[in-house]
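Chains as they are written, first to last, in my numbering: chain A, 58 to 346; chain B, 3 to 292; chain C, 5 to 368. Notes to accompany the following structure.
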Amino acid sequence: MNLKMLSGISLGRVAIYLILIVFALLYLAPLYVMLTTSLKDIEEIRSGNLLALPNDPTFYAWIKAWSSACTGSECNGLAPFFWNSVKIVVPAVLISTVVGAFNGYVLAKWKFKGSELLFGALLFGCFIPFQVILLPMAILLAKLGLANTVSGLVLVHVIYGVAFTTLFFRNYYVGIPTELVRAAQLDGAGFFNIFRHVFLPLSTPIFVVTIIWQFTQIWNDFLFGVVYSGPGTQPITVALNNLVNTSIGGKEYNVDMAAAIIAALPTLFVYVVAGKYFVRGLTAGAVKG
Amino acid sequence: MLNLLEKHLPKIVIAPTTVAMIVCMYGFILWTGLLSFTKSRMMPQWDFVGFEQYVRLFDNPRWHVALDNLFIFIFLFIAISLVLGLLLAIFLDQRIRNEGVIRTIYLYPMAISFIVTGTAWKWILNPGLGIEKLLRDMGFVDFEFRWLVDPDMAIYTIVIAAVWQSSGFVMAMFLAGLRGVDDNLTKAAKIDGASAIRLYWHIILPIMRPVFFSAIVILTHIAIKSFDLVQALTGGGPGYASDLPANFMYTFAFNRAQMGVGAASAMIMLFGVLAVLIPYLYSELREKKS
Amino acid sequence: MGHIQLNNICKSFGSTEVLKNIDLEIQDGEFLILIGPSGCGKSTLMNLIAGLEDITSGEIVIGGSDVSDKSPKDRDIAMVFQSYALYPTMSVGRNISFGLEMRKVPKAKREKIVAEVAELLQIDHLLDRKPGQLSGGQRQRVAMGRALARSPKAFLFDEPLSNLDAKLRVEMRTEIKKLHQRLGTTIVYVTHDQVEAMTLADRIAVLKDGVVQQLGTPYEIYNDPVNHFVADFMGSPGMNFVECVVFNDKLVIESASKSYQLAVPCAKAIKDSGLESVLLGIRPEMLTDPKPYDDSGFVQEVCFDVEVVEPMGADTVAIGKWSDTEVQVRLSPESGEVAGEGFTLQVDTSKSIIFDPRSGNRIR
Chain A
58 MNLKMLSGIS LGRVAIYLIL IVFALLYLAP LYVMLTTSLK DIEEIRSGNL LALPNDPTFY
118 AWIKAWSSAC TGSECNGLAP FFWNSVKIVV PAVLISTVVG AFNGYVLAKW KFKGSELLFG
178 ALLFGCFIPF QVILLPMAIL LAKLGLANTV SGLVLVHVIY GVAFTTLFFR NYYVGIPTEL
238 VRAAQLDGAG FFNIFRHVFL PLSTPIFVVT IIWQFTQIWN DFLFGVVYSG PGTQPITVAL
298 NNLVNTSIGG KEYNVDMAAA IIAALPTLFV YVVAGKYFVR GLTAGAVKG
Chain B
3 MLNLLEKHLP KIVIAPTTVA MIVCMYGFIL WTGLLSFTKS RMMPQWDFVG FEQYVRLFDN
63 PRWHVALDNL FIFIFLFIAI SLVLGLLLAI FLDQRIRNEG VIRTIYLYPM AISFIVTGTA
123 WKWILNPGLG IEKLLRDMGF VDFEFRWLVD PDMAIYTIVI AAVWQSSGFV MAMFLAGLRG
183 VDDNLTKAAK IDGASAIRLY WHIILPIMRP VFFSAIVILT HIAIKSFDLV QALTGGGPGY
243 ASDLPANFMY TFAFNRAQMG VGAASAMIML FGVLAVLIPY LYSELREKKS
Chain C
5 MGHIQLNNIC KSFGSTEVLK NIDLEIQDGE FLILIGPSGC GKSTLMNLIA GLEDITSGEI
65 VIGGSDVSDK SPKDRDIAMV FQSYALYPTM SVGRNISFGL EMRKVPKAKR EKIVAEVAEL
125 LQIDHLLDRK PGQLSGGQRQ RVAMGRALAR SPKAFLFDEP LSNLDAKLRV EMRTEIKKLH
185 QRLGTTIVYV THDQVEAMTL ADRIAVLKDG VVQQLGTPYE IYNDPVNHFV ADFMGSPGMN
245 FVECVVFNDK LVIESASKSY QLAVPCAKAI KDSGLESVLL GIRPEMLTDP KPYDDSGFVQ
305 EVCFDVEVVE PMGADTVAIG KWSDTEVQVR LSPESGEVAG EGFTLQVDTS KSIIFDPRSG
365 NRIR
């Protein structure tokens, strides 16, 4: 399908390319601004403008953002919070993915009375605004002694991430022929053996999609982070927000920008490297859900 | 005995998630709902006071600002994202060279946190040093862009940032949908002499209806949950001029020690989501049956 | 050992009754075919025997022991699926030995069995390949190899040939028959292809709507069907059915605007039934061009208007009408060339079957 019919041969296509490129620049602009700002010094920022390239690029802002910027009452930069996020994300992603895999396996191939209802209820749960569970979850975490801890956040992310991971795996496993399960049953394999020998080897694509999706969701989360963490256990998103809103000694926009990029780097990196799986996750969850 | 265990293994495996779901989703919703009918302030207090908290909620001018903002935000965010996403998808579908690169560029904003987005746009829209200064340096000496600190315009900055972040996703959905349109259909239309615009308007767009609806549902969902972006971009300000219900809830439940009101606001948000979700699911199910 | 007894098997899915009171006894070493139209329950019955579905009521006894409550792996049965269901990520060799692997058979023994089976089925050169790299016929063999490796009490085949092209199907049919003769293991085989049924079976069970219509040898099913459904189902081209008025112990038909009276073997039974009109069932091969015959009193010539001819190679099927009902006849290719109006048709009613037109039951 092309627009040859509309106007002359090349004019239409030139217009299309132009528009697409303009928008590409618009989408890239904030990233460009963040980068350039982070490499300028404060004087230059005040005297120059958004799009100007740095005269004398310096990593001052980056170093400060990482190790000595103030995030509220502490001034240790983003580094400790970066590691907090890592400590939260790694177990949460792993656990929610593994649990989702087994759940998806059960819901796709081992249906029982009420299993479809269960799936529906789980699916529905993906859509609730988390505001309705914030308060009771806070109380539950306090009762479990997990308030303001990294483990508490891991628990929260696992509980609410399992709905999505189950959805992904279930939709994927539904596409695997059920006759394979039957054949394996006749061959003497039970529930776990069938998973291990038949489904797991086929699951690499969906594991990748799910892990990337979960990693992005959990690393980028702010709501759970800000409600359930305390001083010292905050994830990087919370620390970033604190950093930007703490203006002890005047606003240092370059530090703010450097901090923002640091916070975004892991997920951006994953996106650049494995982007197509990310997109698959987005559209799979959306279109089929 | 072992046979019995084996037989029920699937149920056993899914049991923990089932329990977690019943407690942490539906149970908690019930809890919050019940709490919204109590006198709770700093701690939960199970003195039931009927709809008092809801009355207090709707008497609160800040809540009304939040609701107004939500409607403005939802409407603009969805409308602009849909139009933009659709247009870009249609253009990208025209056998573009380097389509992959362009798609990657449109979608990368979805990979970053709303906090990062908010932080970036907060700087870009900075009243003195952001866009205003840029355009003034470019020659538009009297250009003013102070939306960020303007109580009437602050909410629109949120729209801008949100559209930047999410329109790529809408584009991806539409592109997938366009690619799913049968080639034979477009060929038949061409033979029938349809112009490009006619083709899209009369044939392709109607086919894309399901994608439209999915996109609207998802965008609405994102909009209703929007919390991070507001916190980072405007902090709800100036004052509470750009507050959204999610921010209101957080402030009242956790900062203002007004659990009852916070719970009530959360329940209203839930109903908002349900109001969009249930008709959508109903129509989907009906379509599947017929 | 491989004796299978199905006692009063009933199966319902929710409120839908799929199998009703199935009683079937399959002898050890027998090749039994389950055949019937879609939805008749044959695949469900197969799944029940395998243990892949639960019986609603009734019992299944295999090799003398009641397996009704046993899981599939404890029934010592192997199955070949319509889509082969080969494990896509495993090599052919592992596919075949997987069942043995699950039963903790030692590696050396497993390899020996795989080698034997592979040689028997001529797939030994494929052992390292993955199923995705094989042709349809090869996959079929691997699926059979997987079943053979287990040396089960009985084999279940669920339409194993329906995914193959016509020529391959004929080849594999012969292979399966040879395999059965060689191994002597009980086989229960589901198909909707009656040619397969006739050529492979020791006995055939014809199913319709969850009920066994008839159980018998191919000969019995073909020549002695118990009702209209079975008679109609088997045979290609199928049996002709013409409703005829009874007159003086004979059946009246109209052909080429003339009236004829046909004598039939069960004239007495017709008289006893008191019916005034019956359904005459007569197979196309009993309606031929004139040729030598034994005078049994059931052969006569009628005039026949041929409307359409369908040359099939070895013979030609010609179509015309008796009493306004379409009738198919088998002619030699030469007669078929010239057949038209007023053709002289030889009618042999010695093997004709008579049915009650309303119930479809056989009148004997």
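Beta carbons: idealized from backbone N, C-alpha and C, even for Gly.
- A straight-line Cα-Cα distance of about 8 Å links Val230 of chain C and Gln217 of chain C.
- Taking C-beta atoms as the reference points, Val333 of chain C and Ser259 of chain C fail to come closer than 8 Å.
- Taken through DSSP and simplified to helix, strand or coil, Leu180 of chain A comes out as helix.
- For Trp65 of chain B, no CB of chain A lies under 8 Å from its own CB, so it is not counted at the interface with that chain.
- Note that the C-beta distance between Pro292 of chain A and Phe138 of chain A is below 8 Å.
- Comparing C-alpha distances from Ile117 of chain B to each of A:Val329, A:Phe335, A:Val330 and A:Ile318 shows the shortest one belongs to A:Ile318.
- Of all residues in the stretch 247-260 of chain A, the ones placed with a Cβ closer than 7 Å to any Cβ belonging to chain B are Gly247 and Phe248, in chain order.
- Take the alpha-carbon of Leu130 of chain C and the one of Glu123 of chain C: they are about 11 Å apart.
- Within the stretch 168-200 of chain A, no residue has its Cβ closer than 7 Å to any Cβ of chain C.
- Taking 4 residues as the minimum length, the alpha helix (DSSP H) runs contained wholly in the stretch 4-83 of chain B are 4-23, 30-37 and 54-61, in order along the chain.
- Annotated three-state conformation of Trp326 of chain C is strand, per DSSP.
- Listed along the chain, the chain C residues whose CB falls inside 7 Å of the CB of Gly245 of chain A are Lys77, Gly103, Met106 and Arg107.
- Leu84 of chain B sits close to Ala217 of chain B, with the two beta carbons spaced by under 8 Å.
- In the three-state reduction of the DSSP assignment, Val183 of chain B falls in the coil class, being assigned neither a helical nor a strand state.
- At a cut-off of 8 Å, the C-beta of Met83 of chain C has a neighbouring C-beta in chain A.
- Taking Val250 of chain C as the centre and dropping the five residues before and after it, the same chain places the C-beta of Ile274, Leu279, Glu280, Ser281 and Val282 closer than 7 Å to its C-beta, in chain order.
- The contact set of Leu77 of chain A on chain B, defined by CB atoms closer than 8 Å, consists of Leu90, Phe93, Leu94, Ile98 and Ile104 in chain order.
- From the listed residues C:Cys270, C:Val65 and C:Val310, the smallest Cα separation to Glu330 of chain C is found for C:Val310.
- Counting of Cβ neighbours within 10 angstroms places Ile193 of chain B among the exposed residues, the total staying below 16.
- Residues of chain B whose Cβ lies closer than 7 Å to the Cβ of Asp313 of chain A are, in chain order, Thr121 and Trp125.
- The Cβ atoms of Pro234 of chain A and Ser240 of chain C lie no closer than 8 Å to each other.
- When beta bridges are read from the DSSP output, Pro315 of chain C appears opposite C:Thr320.
- Considering only A:Leu201, A:Ala246, A:Asp278 and A:Val147, the residue with the shortest C-alpha distance to Leu104 of chain C is A:Ala246.
- By the C-beta criterion, the stretch 113-129 of chain B is judged to be in contact with the stretch 294-303 of chain A, since at least 3 inter-stretch pairs fall below 8 Å.
- For Ser285 of chain B, no pairing in a beta bridge is given by DSSP.
- Of C:Leu266, C:Thr353, C:Phe245 and C:Asp319, the smallest CA-CA separation from Asp298 of chain C is found for C:Thr353.
- Excluding sequence positions up to five before and after Leu137 of chain B, its CB lies within less than 8 Å of the CB of Phe145 and Phe147, all in the same chain and listed in chain order.
- Collapsing the DSSP output to three states places Ser69 of chain C in a strand.
- In this structure, Leu179 of chain A lies near Met23 of chain B, with their beta-carbon atoms less than 8 Å apart.
- Boundaries of the beta strand (DSSP E) harbouring Gln350 of chain C: Phe347 to Asp352, taken from the DSSP string.
- Nearest neighbour of Val22 of chain C by Cα position, chosen from C:Asn227, C:Leu335 and C:Asp213, turns out to be C:Asp213.
- Using a Cβ distance threshold of 8 Å, Ile8 of chain C and Thr189 of chain C do not count as a contacting pair.
- For Pro234 of chain A, the closest Cβ of chain C is nearer than 8 Å.
- Between Leu284 of chain C and Ile358 of chain C, the CB-CB gap stays under 8 Å.
- Around the beta-carbon of Met91 of chain A, 16 or more other beta-carbon atoms lie within 10 Å, marking it buried.
- Against Tyr91 of chain C, the close residues of chain A are Leu237, Ala240, Ala241, His254 and Val255, in the order they occur along the chain (beta-carbon pairs closer than 8 Å).
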